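Asks: Numbering (this note's numbering), first residue to last: 2 to 160.
Heads up, the beta-carbon is just placed ideally off N, CA and C, and yes, glycines get one too.
These figures come from a predicted structure and were not determined experimentally.
Before anything else, here's the structure in question.
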């Protein structure tokens, strides 16, 4: 299986893609559908790309975190600036109904000082409708995220 760092349209057949944010995924699995939307959304968060994040988010996206929830694209820029969140993907889980769970090695930094404030293994749950994220929720454990999404270990995406 070829290892590539920049997937392109010329990519045919299985290839493991390692992205700049250390995300390891199989290219053919993320070129379309729910996984592609979640992967693009996470990349936008890691690169602080508010425009791309907005494009990949439903108009009334729900962002659910440890401090509560908020709705709408208008909250994304503020959330992205405040959160100081970036993560490397460890494992992917996907259901047929647009539920995606991603286990991650997460980092939080003070956006102003660019100083790391903490690390943890977390899981993100996505609800994908069409080509946009309708809901995003961070969980402290993979088991909690899988349960919220109605997924199990059998839904893990493997190459």
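Smallest Cα separation from residue 1: which of 142, 107, 68, 130?
Replies: What is shown of the chain runs 2 to 160, which leaves residue 1 out entirely.
Asks: Hey, residue 126 and residue 102: beta-carbon distance below 8 Å or not?
Replies: Yes, these two residues count as a Cβ contact at 8 Å.
Asks: From which residue to which residue does the alpha helix (DSSP H) around residue 83 run?
Replies: Element bounds for residue 83: 77-84.
Asks: Just mark residue 123 as buried or exposed, buried being the case when its beta carbon has 16 or more other beta carbons within 10 Å.
Replies: Buried, by the Cβ-count rule.
Asks: Sorted by chain position, which residues of the same chain lie with C-beta nearer than 8 Å to residue 53's C-beta, five sequence neighbours on each side aside?
Replies: If we look at residue 53 and ignore the five residues flanking it on each side, its Cβ neighbours are 41, 44, 45.
Asks: Need the endpoints of the beta strand (DSSP E) that residue 55 sits in, please.
Replies: Run containing residue 55: none in the beta strand (DSSP E); it sits in the alpha helix (DSSP H), 51-56.
Asks: Taking the continuous beta strand (DSSP E) assigned at residue 1, which residues delimit it?
Replies: Residue 1 falls outside the range modelled here, since the chain spans only 2 to 160, and no answer is possible.
Asks: In the DSSP assignment, what are the bridge partners of residue 149?
Replies: Residue 149 is not bridged to any residue.
Asks: Less than 8 Å between the C-beta atoms of residue 95 and residue 156, yes or no?
Replies: Yes, Cβ-Cβ distance for residue 95 and residue 156 is below 8 Å.
Asks: With burial defined as no fewer than 16 other Cβ atoms inside 10 Å of the residue's Cβ, what is the status of residue 70: buried or exposed?
Replies: Residue 70 is exposed by the Cβ-count criterion.
Asks: Name the DSSP bridge partner or partners of residue 124?
Replies: Answer is 104, 140, bridged to residue 124.
Asks: Residue 59 and residue 135 - do their beta-carbons sit closer together than 8 Å?
Replies: For residue 135 and residue 59, yes; Cβs fall inside 8 Å.
Asks: With a threshold of 16 other CB atoms inside 10 Å of the CB of residue 83, please say whether the residue is buried or exposed.
Replies: It counts as exposed.
Asks: According to DSSP, which residues form a beta bridge with residue 72?
Replies: Residue 72 is bridged to 63.
Asks: Specify, as a first and last residue, the run of the alpha helix (DSSP H) that residue 45 falls within.
Replies: Element bounds for residue 45: 34-47.
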